[in-house]
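Inspection log for the structure reproduced underneath, given as structure tokens.
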Amino acid sequence: RYARQAMAAEGFDPVVHFSVTTGMGSLLWEQGQQDSARAWIDPVIADMEEQAKTSEDAFLAADLCQLYAIKGEKAKALQWVRKAIDRGFLDRMNMITTRTMKSIQNEPEFKAMMQELEEKTTHMRMNVKAQEAQSIMPL
């Protein structure tokens with residue numbers, strides 16, 4: 143009750159709102175209180191799905207992935223992982239270590255996307271190092 147009151151306050155940070163919602167939803171789901179978890183998560187999913195209709199934000203897609211993963215909706219979670227990566231999401235470590243993603247972390251499709259993301263970021267790092275090496279001029 144207190145968390146909902148705080149989140150309804152004017153000026154409440156949307157990042158904190160997402161964190162509280164995700165944390166409460168995940169905790170309740172793990173404790174077998176799926177109906178209570180849905181009461182936290184489903185309104186946020188509805189809002190974010192609406193935003194996603196007109197946004198190509200990679201973080202929005204990654205957040206939706208987490209919410210669906212908490213609920214065990216693997217197909218939707220994996221769909222949003224793909225969208226997050228396609229939109230430029232690069233935080234592979236977050237995806238493979240966060241508890242909210244555990245329902246999909248062992249899925250072959252998820253593992254393949256994480257491998258793809260690792261290869262993409264490795265390639266990016268190599269390009270940056272090559273550019274840095276080329277731009278260093280001896281004095």
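Read in order, the letters of the sequence shown are residues 143 to 281 in my numbering. Glycine included, every Cβ here is placed at the ideal spot set by N, Cα and C.
Simplified DSSP state of residue i, which is helix, strand or coil
i, result
"glutamine 193", "helix"
"leucine 232", "coil"
"tyrosine 144", "Residue placement at tyrosine 144 is poorly supported in this model, since its pLDDT is 45, which falls under 50; the coordinates are not used for a value here."
"asparagine 269", "helix"
"threonine 285", "Outside the shown range of the chain (143 to 281) lies residue 285, about which nothing can therefore be said."
"glutamate 198", "coil"
"glycine 174", "coil"
"threonine 163", "helix"
"glutamine 247", "coil"
"lysine 213", "coil"
"threonine 242", "helix"
CB of residue i within 9 Å of CB of residue j, strictly
i, j, result
"serine 245", "glycine 214", "yes"
"alanine 217", "alanine 203", "no"
"threonine 242", "serine 197", "no"
"aspartate 205", "phenylalanine 252", "no"
"glutamine 208", "threonine 263", "no"
Chain B contact for residue i (CB, 9 Å cutoff)
i, result
"glutamine 247", "Considering every chain present, this structure includes no chain B. It has just one protein chain."
Nearest-angstrom Cα separation, counted from residue j out to residue i
i, j, result
"isoleucine 212", "methionine 166", "11 Å"
"leucine 220", "lysine 195", "18 Å"
"tryptophan 222", "glutamine 247", "14 Å"
"glutamate 172", "asparagine 236", "19 Å"
"glutamate 249", "asparagine 269", "30 Å"
"aspartate 199", "alanine 181", "25 Å"
"alanine 272", "glutamine 193", "38 Å"
"leucine 170", "valine 162", "12 Å"
"arginine 229", "isoleucine 183", "23 Å"
"glutamate 274", "glycine 174", "52 Å"
"arginine 267", "threonine 239", "21 Å"
"arginine 234", "tyrosine 210", "18 Å"
"glutamine 276", "arginine 224", "34 Å"
Residue i CB to nearest heavy atom of the ligand SAM below 8 Å
i, result
"threonine 242", "Among the components modelled here there is no ligand, and therefore nothing to report on the ligand SAM."
With a cut-off of 8 Å, do at least 3 Cβ pairs link the stretch 258–266 to the stretch 180–194? At 8 Å Cβ cutoff, the stretches do not touch.
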